[in-house]
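Structure, as structure tokens:
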Amino acid sequence: MFRYFLPILLTVAGFAQTADPSYASLEKAYDSLRSKNYDSAIASFQLAIAAHPERASIHKDLAYTLLKIGEVETARDAFGEAMRLDPHDYHVALEYAFLCNETKQQSTARRIFDRIRKTGDPETQRTAEQAFQNIDRPLAESIDRWLKAVALTPDNFSVHEELAGFAEQRDQPALAAEHYEKAWHLRPDRRSLLLGMGRAWKSLGKSEEAYIVLLAASRGAEARVAEAARELMPARYPFVYEFQKALVVDPKNVDLRRELAYLHMQMNQSAEAESEFQTIVELAPDDLLSVAQLGFLKLSRKDTAAAMPLLDKVLKGNDEELADRVRSALKIPQTLHRRAETPRSQVTIEAKVLAERSLQAGYLKDAVKYLKIAHESDPVDFDVMLKLGRTYNNLKQDDEAVRWFGLARNSPEPAVAAEATQAYRNLNAGHELFRTTAWALPFYSSRWKDVFAYGQVKTELRLGNLPIHPYLSLRFVGDTRGSTSLAGDVQPQYLSESSFIAGVGVATKSWHGAMGWFEAGEAMKYLGQRTDVGFMIPDFRGGVSFSRGFGHMLGGESRGWFAENNDDAVFISRFHNDLLLYSQNKTGYTLGGIQLLMNWNVTTDVQHQYWANAVEFGPGVRFRIQTLPKSLQFSINAVRGVYLVNEGNPRKPNYYDLRVGVWYAFSR
């Protein structure tokens, strides 16, 4: 029964939600179209899409509006999304295909025209057939012409490149891959050929071969090629063996080899890292950054004779910033003159500025792109590594975040190292075999004039990528008074379970804020005078929970509105096999370390017991103290409660309650 006394919260506004939240935005959009205010119409259509992203018709109307102001590429993408949502709208598909052809995406246009000419209605079939032939016929003729040229001049780089390009446009990936590879062997400095080869192999289903060449293209190439290659790669960091295979394909790729060297360093494989840096210095003797790193590695294994010539070369070089880092490491005086910016440091500064602007605007993927450029320009800028960790964490790509936090924790700056170390530990805990978490929630209730305490210690066994994991759990549910009695009560009314509950359970991984769990165990009472249950009784419980936060959460750096939702469906055997349903919500405004909020709650159960059916609402405040752990939060809430079921209720149907509580959690 303990959950009856917890502050369970619900957003009442959800019950009054309109049938179509996009209606107002669409009405405004069409009004703006009638008055030819296209910018306003576009903004309103975008708001409607945010409310109903699955509606193809809104994407379609947005696309036509974008065409009116000449935004051809953006309109193309909107038509593409409308086609994805409604693939049988052949007129939309035709619009998308024509715009693809117009914006140099001929292969995409050809595929769509080919589909429509085979499956569309008679009118669209005729249009698509003509458009398809207009694209396909010249491509076929070009391929025939270049095949003859290859036979005459097999060592001509340009012939292979042209043939591969036309074959890719005509959806002949095997022919394209063959000649991209031949062109690459003739011109291994043109990494755009690796990009084409990767696309072709990916189309052929050769995922591993495609990944290797795309990895090579994504490092050390011109920015446009590198970015395009990354977009085709899976959202994970490469393994060591994949770097090694990519270097077989592109052995002179210094940037690729340098990244592998730093990866070896992170894995404490100093010998392998030194070998890679040695090769880099041989390939690019003016790469002072790699020269310095090689010198430090030799110095760390006491090979001073080999290290000092390398470090001396850096000290005599033209990179004063890097030279000062060497002086700092060697504990010799740094230069006092004002240093001019080197081209490398200027690139770093510009990339960091663009990354910061992207972060402020909420464009996290753009921020990652600019931060990686900054890292490639200055691989020992630990502040950039820390920001990459934070950004990947916000993007929910925790594998990447762990890697960057792991690098940043080696920073010589204490503040950066401390934050990165803490973040690394927090995230890496989710990747360790065993993970222990603990939480506690003591609070005072004026209604019951009692202090309640709830808590749990849980150790989980995480088995790779399995969607479920077993765990051991010890819960505590108790209070200080133990029971209360009213006139007419046959026996005391116990205020909590008054038990330690040991159990073994299994839980799913969290998916979009939702997870399921079930555990079986024994509840052991700690009150000797309690006679309604035995000292040890079987305890089975489980359920599904969902939680989600929106806006500016507690402890964030910015102020603003927020909303939190927590829903639970919980089966508890000791409550006569009851199923309880809770929905909890907070809505309010965040002022840094404090939140002013409104509480809303509803709870119900399948057995319609009076104590498990109530609605509560009321104001509250939640705050944390800057000098204390972030997971330590304090709350004060005043609620008005109304029972929804009063049959068997010995108390009044309405009540007030002031609750003052503390929440604390940690993991290791």
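Counting in the working numbering, the sequence shown runs without a single skipped number right up to 997 at its last residue. The C-beta atom is built at its ideal place from N, Cα and C for all residues, glycine as well.
Using CA atoms only, rank isn't needed, just tell me which of Glu383, Glu560, Tyr721 is closest to Arg732.
Tyr721
What residues match up with Leu910 in a beta bridge as DSSP calls it?
Ala898, Thr933
How many Å lie between Tyr773 and Asp360 at the Cα?
55 Å
Which of helix, strand or coil DSSP assigns to His798
strand
Count the other C-beta atoms from every protein chain shown that fall within 10 angstroms of the C-beta of Ile797, then say buried if there are 16 or more, exposed otherwise.
exposed
Residue from Leu724, Leu715, Arg988 with nearest C-alpha to Tyr692:
Leu724
Using DSSP with H/G/I as helix, E/B as strand and the rest coil, what is Val819?
Because Val819 carries a pLDDT of 42, less than 50, the predicted location of this residue cannot be relied on, and the following value inherits that uncertainty. If DSSP states are grouped into helix, strand and coil, Val819 belongs with coil.
Just the C-alpha distance for Arg980 and Ile923, rounded to the nearest angstrom, thanks.
35 Å
From Gln726 to Tyr985, what distance separates their C-alpha atoms?
44 Å
Answer yes if the region 761–771 comes into contact with the region 987–997, meaning at least three C-beta pairs across the two stretches below 8 Å, and no otherwise.
yes
May I have the straight-line CA-CA distance separating Thr340 from Leu987, to the nearest angstrom?
Caution applies to Thr340, whose pLDDT of 33 falls short of 50 and renders its modelled position unreliable; the model cannot decide the point.
DSSP-derived helix/strand/coil call for Arg754:
helix
Can you name, in chain order, every residue of its own chain whose Cβ lies under 8 Å from the Cβ of Lys778, other than the five neighbours on each side?
Arg810
Please report the distance separating the alpha-carbon of Gly834 from that of Ala849.
6 Å
Roughly how many angstroms lie between the CA atoms of Leu957 and Met882, to the nearest whole one?
17 Å
For Lys280, the three-state DSSP class (helix, strand or coil)
The structure shown does not extend to residue 280, since the chain spans only 330 to 997, so no value can be given for it.
Given Ala843, which residues of its chain have a CB within under 6 Å of its CB, disregarding the five upstream and five downstream residues?
Phe875
Element boundaries [alpha helix (DSSP H), containing Tyr773]
Run containing Tyr773: none in the alpha helix (DSSP H); it sits in the beta strand (DSSP E), 763–774.
Buried or exposed: which applies to Ala816, given that a residue is buried once 16 or more other Cβ atoms fall within 10 Å of its Cβ?
Note on Ala816: pLDDT 42, under 50, position unreliable in the model; the coordinate value appears next. Exposed: under 16 other Cβ atoms inside 10 Å.
Excluding the 5 residues flanking Arg668 on each side, which residues of the same chain have their C-beta closer than 6 Å to its C-beta?
Here Arg668 scores only 41 on pLDDT, less than 50, and its place in the model should not be relied on; the value that follows carries that caveat. Cβ within range, chain order: Glu649.
Can you have a look at Gln501 and say buried or exposed, based on whether 16 or more other CB atoms are within 10 angstroms of its CB?
buried
When the Cα atoms are used, what is the spatial distance from Tyr911 to Asp896?
6 Å
Euclidean distance between Cα positions of Met596 and Ala512:
36 Å
Continuous beta strand (DSSP E) stretch holding Glu789: start and end:
779–790
Is Ala555 near the ligand HEM, with its Cβ less than 7 Å from a heavy atom?
As for the ligand HEM, it is missing from this structure, which has no ligand bound.
Just checking my contact of Leu524 with Val554 at CB under 8 Å: how many whole Å lie between their CB atoms?
5 Å
Does the contact criterion of 3 or more C-beta pairs under 8 Å hold for the region 702–712 versus the region 679–687?
yes
Assigned exposure category for Phe442 - 16 Cβ within 10 Å defines buried
buried
Quick one: what's Asn983 bridged to in DSSP?
Val971
The beta strand (DSSP E) spanning Val944 covers which residue range?
943–952
May I ask you to report which of helix, strand or coil DSSP gives Met853?
strand
Please tell me whether Tyr566 and Glu729 are closer than 8 Å, where the distance is taken between their beta carbons.
yes
Once you ignore the five residues that flank Pro982 on each side, which residues in its own chain have a CB closer than 8 Å to its CB?
Val971, Tyr972, Asn975
Would you report the Cα separation of Arg719 and Lys838, rounded to the nearest angstrom?
22 Å
Do the region 637–655 and the region 613–625 touch if we need at least three Cβ pairs shorter than 8 Å?
yes
In three-state DSSP terms, what is Phe568?
coil
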